[in-house]
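Below you'll find the structure, written out as structure tokens, and then a few comments.
There are 2 protein chains.
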Amino acid sequence: MHSTADMNNTVGSRPLYKQVYDSLANRISEGDWKPAQSLPSEFALAAELGVSQGTVRKALTELETDKVVERRQGKGTFVSEHTDEDSNFRFFRLTRRDGSRLMPTGKIESIHRRPANRLERTVFGFEESDDVIEICRLRIVDDLPCATENIVIPHRLFPDIEKSTSLTTSLYPLYQREFGIHVVNAEEQLRSEIANKQQAKRLKAPIGTPLLRVDRIAHTIHGQAVERRTSRLDTRNYSYSVMVN
Amino acid sequence: MHSTADMNNTVGSRPLYKQVYDSLANRISEGDWKPAQSLPSEFALAAELGVSQGTVRKALTELETDKVVERRQGKGTFVSEHTDEDSNFRFFRLTRRDGSRLMPTGKIESIHRRPANRLERTVFGFEESDDVIEICRLRIVDDLPCATENIVIPHRLFPDIEKSTSLTTSLYPLYQREFGIHVVNAEEQLRSEIANKQQAKRLKAPIGTPLLRVDRIAHTIHGQAVERRTSRLDTRNYSYSVMVN
DNA sequence: GAGTGGTCTAGACCACGCA
DNA sequence: GCGTGGTCTAGACCACTCT
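Protein sequences appear in the order of chains W and Y. Using our numbering, the letters of the first sequence map in sequence onto residues 146 to 390. Using our numbering, the letters of the second sequence map in sequence onto residues 146 to 390.
Here it is, written out as structure tokens:
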């Protein structure tokens with residue numbers, strides 16, 4: 146992977162610790178180390194890559210801030226595992242008025258394969274025509290629907306996902322576990338919308354109920370878009386929480 | 146501020162670099178260095194505080210990630226200045242459909258002083274009864290209203306703010322410049338709402354228009370709440386952008 | 001006690017901005 | 001050419017975890 150030939154001083158080369166970052170990020174997304182497994186120690190990686198331990202440390206620290214790994218003093222460095230709970234915490238942001246988190250279940254309404262439309266080809270960077278999977282779900286809390294979700298993913302990255310039995314909870318743990326896709330961030334566009342007849346029926350809410358519409362594009366560590374999702378949230382009893390930094 | 150007496154090895158003491166962080170953060174919020182002014186160099190600070198340059202560096206790096214300072218190679222370390230443009234970029238998140246940023250103007254509808262209600266006393270941590278300033282504004286783009294804002298701030302922290310002449314643009318530059326209040330982050334609760342008669346009139350939109358309601362609490366570096374703001378955004382033509390990490 | 005990550009130090013050299 | 005921050009190294013010691 147890394148040879149001592151491309152050391153520092155090379156004009157225009159990225160800093161060493163970023164090269165280490167890239168190398169480790171690649172090996173993680175290629176499955177060299179699986180979720181929840183530990184990486185070699187800082188010294189072992191340093192020796193293997195021919196750099197100092199401090200340089201490896203800096204790369205690992207950045208991987209930790211990007212939530213790709215978790216470090217535990219005295220134990221080691223572990224590939225972040227997307228559990229149902231923390232994935233829900235990070236990416237499903239509906240909260241009760243008192244700030245407590247919801248833990249919704251899901252109900253699949255439909256799932257089918259179809260050709261990507263133009264927007265999806267752009268988002269996913271398809272060179273030519275290719276298929277996507279579209280999943281329609283309902284998110285449910287206390288037996289009441291709180292959100293509809295339309296999820297679109299490239300078929301090529303998620304073969305046979307329709308046969309999976311765990312499509313009712315957070316999908317990102319499934320993406321990571323079964324398909325080696327690590328979602329690390331997402332950009333969202335929010336707007337306020339009025340429930341039409343179909344949305345109202347799905348959410349068991351009156352037509353005309355104000356809904357919070359969230360258009361999300363989810364990315365891997367490499368910046369690759371791997372999911373396009375439109376959610377419509379019933380915020381009459383819940384709020385969507387955001388921290389601005 | 147920092148004495149060499151409380152060096153490392155003290156049981157339960159915070160790491161040195163965090164003490165340095167606190168010390169520098171305090172001196173900045175006390176106005177020892179003003180916005181856009183430069184701090185002493187890493188070596189100068191290290192000598193002054195009796196720690197190594199690497200320790201100062203680590204503290205400065207964290208202050209930079211928290212957007213309290215900005216570092217420029219070859220020039221120095223500067224106290225972040227909240228300009229109208231970047232404050233707008235960070236805290237006013239309405240964008241056009243193509244992702245481009247709005248640069249709204251503001252119109253003051255009312256401004257008055259009154260006693261804090263119970264919620265405000267809790268948010269601002271008032272021990273006893275105290276006054277707040279409430280500002281009602283309209284944000285305008287291309288001569289069209291796009292948002293209403295109700296802004297509540299503690300009177301004690303912002304004396305005579307009603308006499309300021311720059312209440313029509315981003316307020317955080319004003320807070321920083323005139324009152325030494327550095328807003329560094331905010332938590333927001335979003336929900337979808339229907340425009341009532343009053344909101345509709347202010348926004349020149351039909352009654353029943355879906356609005357994105359944003360309840361924000363803004364904090365300083367010390368975690369102190371210094372502003373409570375409710376905005377209602379007309380998202381028929383614009384979206385509210387969020388990055389999820 | 002052995003092994004891991006966390007803190008702190010000291011020093012070398014590079015890249016950048018400016019006079 | 002000097003002063004700044006940025007990178008990289010080497011080594012010491014601390015705090016935590018497990019056996």
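Positions of the beta carbon are idealized from the N, C-alpha and C atoms, including for glycine.
Original post:
Between which two residues does the alpha helix (DSSP H) harbouring ARG266 (chain W) extend?
Top reply: Translated into positions along the first sequence, residue 266 (chain W) becomes position 121. Segment 263-269, the alpha helix (DSSP H) holding ARG266 (chain W).
Subject >> Beta carbon of PHE324 (chain Y) nearer than 8 Å to that of PHE303 (chain Y) >> reply: The count along the second sequence starts at 1 and reaches residue 324 (chain Y) at position 179. The count along the second sequence starts at 1 and reaches residue 303 (chain Y) at position 158. Going by C-beta atoms, PHE324 (chain Y) is nearer than 8 Å to PHE303 (chain Y).
**OP:** For PRO160 (chain Y), count neighbouring Cβ atoms within 10 angstroms of its own Cβ and tell me buried if that reaches 16, exposed if not.
**Re:** If you number the second sequence from 1, residue 160 (chain Y) lands on position 15. Classification of PRO160 (chain Y): exposed, given that the 10 Å Cβ count is below 16.
Subject >> Residue from Y:PRO290, Y:VAL359, Y:ALA345 and Y:GLY219 with nearest C-alpha to PRO249 (chain Y) >> reply: Residue mapping note: residue 249 (chain Y) aligns to position 104 of the second sequence, counting from 1. The residue with the shortest Cα to Cα distance from PRO249 (chain Y) is Y:PRO290.
Subject >> Paired residues, beta bridge with CYS281 (chain Y) - DSSP >> reply: Start at 1 with the first residue of the second sequence, and residue 281 (chain Y) comes out as number 136. Paired residues: Y:SER255 and Y:ASN295.
**OP:** With a 10 Å radius around its C-beta and 16 neighbouring C-beta atoms as the bar for buried, classify LEU208 (chain Y) as buried or exposed.
**Re:** Working through the second sequence from its first residue, we reach residue 208 (chain Y) at position 63. Counting other Cβ atoms within 10 Å of its Cβ, LEU208 (chain Y) reaches 16 or more and is therefore classed as buried.
Subject >> Reduced DSSP secondary structure (H/G/I, E/B, other) of ASP167 (chain Y) >> reply: Locating residue 167 (chain Y) in the second sequence gives position 22, counting from the first residue. It is helical.
Subject >> Assumed close pair LEU184 (chain W), THR210 (chain W) - CB separation to whole angstroms, cut-off 8 Å >> reply: In the first sequence, the residue the question calls residue 184 (chain W) occupies position 39. In the first sequence, the residue the question calls residue 210 (chain W) occupies position 65. Not confirmed; about 16 Å, so no contact.
**OP:** Using alpha carbons as the reference points, say which of W:VAL201, W:LYS179 and W:ALA363 lies closest to GLU187 (chain W).
**Re:** Within the first sequence, residue 187 (chain W) is the residue found at index 42, counting from 1. When only C-alpha atoms are compared, the closest one is W:VAL201.
**OP:** From the DSSP output, in three-state form, read off THR149 (chain W) for me.
**Re:** Here residue 149 (chain W) is taken as the residue at index 4 of the first sequence, counted from 1. Its pLDDT being 34, under 50, THR149 (chain W) is placed unreliably in this model, and the value from its coordinates should be taken loosely. THR149 (chain W): helix per DSSP, three-state reduction.
Original post:
Would you call the region 367-381 of chain W and the region 298-315 of chain W in contact, with 3 or more CB pairs under 8 Å?
Top reply: Taking a contact to require three or more Cβ pairs closer than 8 Å, the region 367-381 of chain W and the region 298-315 of chain W qualify as touching.
Subject >> Residues that ARG336 (chain W) contacts on chain Y, provided the C-beta gap is smaller than 9 Å >> reply: The residue labelled residue 336 (chain W) in the question sits at position 191 within the first sequence. Here the neighbours are SER337, PRO355, LEU357, LEU378, THR380, ARG381, TYR383, SER384 and TYR385.
**OP:** Buried or exposed for ASP379 (chain Y), please, with buried defined as at least 16 other CB atoms from any protein chain shown within 10 angstroms of its CB.
**Re:** Within the second sequence, numbered from 1, the residue matching residue 379 (chain Y) stands at position 234. Result: buried.
Original post:
Which one or two residues does DSSP pair with PHE223 (chain W) in a beta bridge?
Top reply: The residue you call residue 223 (chain W) lines up with position 78 of the first sequence. Answer by DSSP bridge pairing, in chain order: W:SER183 and W:GLU215.
Subject >> Contact set for VAL387 (chain Y): own chain, Cβ-Cβ below 8 Å, skip 5 residues either direction >> reply: Reading the second sequence from its first residue, position 242 is the one you call residue 387 (chain Y). So the list reads ARG238, once near-sequence residues are dropped.
Original post:
Does the beta carbon of ALA331 (chain W) come closer than 8 Å to any beta carbon on chain Y?
Top reply: As a first step, residue 331 (chain W) is located in the first sequence; it is residue number 186 there, counting from the start. Answer yes: the Cβ-Cβ gap between ALA331 (chain W) and chain Y drops below 8 Å somewhere.
**OP:** Keeping to the same chain, check which residues put their C-beta closer than 6 Å to that of ALA170 (chain Y); ignore five residues upstream and five downstream.
**Re:** By 1-based counting over the second sequence, the position of residue 170 (chain Y) is 25. Result list for ALA170 (chain Y): ILE366, in chain order.
**OP:** Would you please verify whether the beta carbon of MET248 (chain Y) is less than 8 Å from any beta carbon of chain W?
**Re:** Residue numbering aside, residue 248 (chain Y) sits at position 103 when the second sequence is read from its first letter. With a threshold of 8 Å between beta carbons, MET248 (chain Y) makes no contact with chain W.
Original post:
What residues from chain W crowd round ARG259 (chain Y), counting only those whose CB sits closer than 9 Å?
Top reply: Translated into the one-based positions of the second sequence, residue 259 (chain Y) becomes position 114. The premise fails here: ARG259 (chain Y) is roughly 25 Å from chain W at the closest Cβ pair, so nothing lies under 9 Å.
Original post:
Of all Cβ atoms in chain W, is any one closer than 8 Å to the Cβ of LEU161 (chain Y)?
Top reply: Along the second sequence, read from residue 1 onward, the residue named residue 161 (chain Y) stands at position 16. Not closer than 8 Å to any Cβ of chain W, the Cβ of LEU161 (chain Y) fails to qualify, so no.
Original post:
Of all the options W:ASP288, W:PHE269, W:ALA350 and W:SER384, which has the alpha carbon lying nearest to the alpha carbon of GLY368 (chain W)?
Top reply: Taking the first sequence and counting its residues from 1, one reaches residue 368 (chain W) at position 223. Per the Cα distances, W:PHE269.
Original post:
By a C-beta neighbour count over all protein chains shown, 10 Å radius and 16 as the cutoff for buried, is LEU264 (chain W) buried or exposed?
Top reply: Indexing the first sequence from 1 puts residue 264 (chain W) at position 119. Answer is exposed; the Cβ neighbour count stays below 16.
Original post:
CB SER384 (chain Y) to CB LEU356 (chain W), shorter than 8 Å?
Top reply: Here residue 384 (chain Y) is taken as the residue at index 239 of the second sequence, counted from 1. Here residue 356 (chain W) is taken as the residue at index 211 of the first sequence, counted from 1. It is not a contact, given that the beta carbons lie outside the stated cut-off.
Subject >> Collapsed DSSP secondary structure at GLU372 (chain W) in the structure displayed >> reply: As a working mapping, residue 372 (chain W) is identified with position 227 in the first sequence. Of the three classes helix, strand and coil, the one that applies to GLU372 (chain W) here is strand, per DSSP.
Original post:
Is it true that the CB of VAL389 (chain Y) sits closer than 8 Å to the CB of ALA292 (chain W)?
Top reply: Indexing the first sequence from 1 puts residue 292 (chain W) at position 147. Indexing the second sequence from 1 puts residue 389 (chain Y) at position 244. Not in contact: ALA292 (chain W) and VAL389 (chain Y) (Cβ atoms no closer than 8 Å).
Original post:
Buried or exposed: which applies to ARG381 (chain W), given that a residue is buried once 16 or more other Cβ atoms fall within 10 Å of its Cβ?
Top reply: Reading the first sequence from its first residue, position 236 is the one you call residue 381 (chain W). So ARG381 (chain W) ends up on the exposed side.
Subject >> Anticipated Cβ contact below 8 Å, ASP276 (chain Y) with PRO260 (chain Y), distance rounded >> reply: Within the second sequence, the letter at position 131 stands for residue 276 (chain Y). Within the second sequence, the letter at position 115 stands for residue 260 (chain Y). Yes, they are in contact, since the Cβ atoms of ASP276 (chain Y) and PRO260 (chain Y) sit about 6 Å apart, within 8 Å.
Original post:
Shorter than 8 Å from the beta carbon of PHE236 (chain W) to some beta carbon of chain Y?
Top reply: If you number the first sequence from 1, residue 236 (chain W) lands on position 91. Yes, its Cβ sits closer than 8 Å to a Cβ of chain Y.
Original post:
Does ASN390 (chain Y) get closer than 8 Å to chain W when you measure Cβ to Cβ?
Top reply: On the second sequence, residue 390 (chain Y) is found 245 positions in, with the first residue counted as 1. Taking Cβ atoms only, chain W reaches closer than 8 Å to ASN390 (chain Y), which makes this a yes.
**OP:** In the DSSP assignment, find the beta strand (DSSP E) that holds LEU357 (chain W) and state where it starts and stops.
**Re:** Counting from one through the first sequence, the residue named residue 357 (chain W) turns up at place 212. Element bounds for LEU357 (chain W): 355-365.
**OP:** For GLU226 (chain Y), I'd like the list of residues in its chain whose CB is within less than 6 Å of its CB, leaving aside the five on either flank, ordered along the chain.
**Re:** As a working mapping, residue 226 (chain Y) is identified with position 81 in the second sequence. PRO180 and ALA181.
**OP:** Use the C-beta contact count for PRO351 (chain W): other C-beta atoms within 10 angstroms, 16 or more gives buried, fewer gives exposed.
**Re:** For the purposes of this step, residue 351 (chain W) is taken as the residue at position 206 of the first sequence. Classification of PRO351 (chain W): exposed, given that the 10 Å Cβ count is below 16.
**OP:** Please report the Cβ distance between GLY278 (chain Y) and ARG258 (chain Y), rounded to the nearest whole angstrom; I am assuming they are in contact, meaning their Cβ atoms lie under 8 Å.
**Re:** As a position in the second sequence, residue 278 (chain Y) is number 133, starting the count at 1. As a position in the second sequence, residue 258 (chain Y) is number 113, starting the count at 1. Reading off the sequence shown, one finds Ile at residue 278 (chain Y), where the question assumed Gly. Their Cβ separation, rounded to whole angstroms, is 6 Å, which keeps ILE278 (chain Y) and ARG258 (chain Y) in contact under 8 Å.
Subject >> alpha helix (DSSP H) runs contained entirely in the region 328-358 of chain W, provided each spans 4 or more residues >> reply: Within the region 328-358 of chain W, complete alpha helix (DSSP H) segments of at least 4 residues are found at 342-348, given in chain order.
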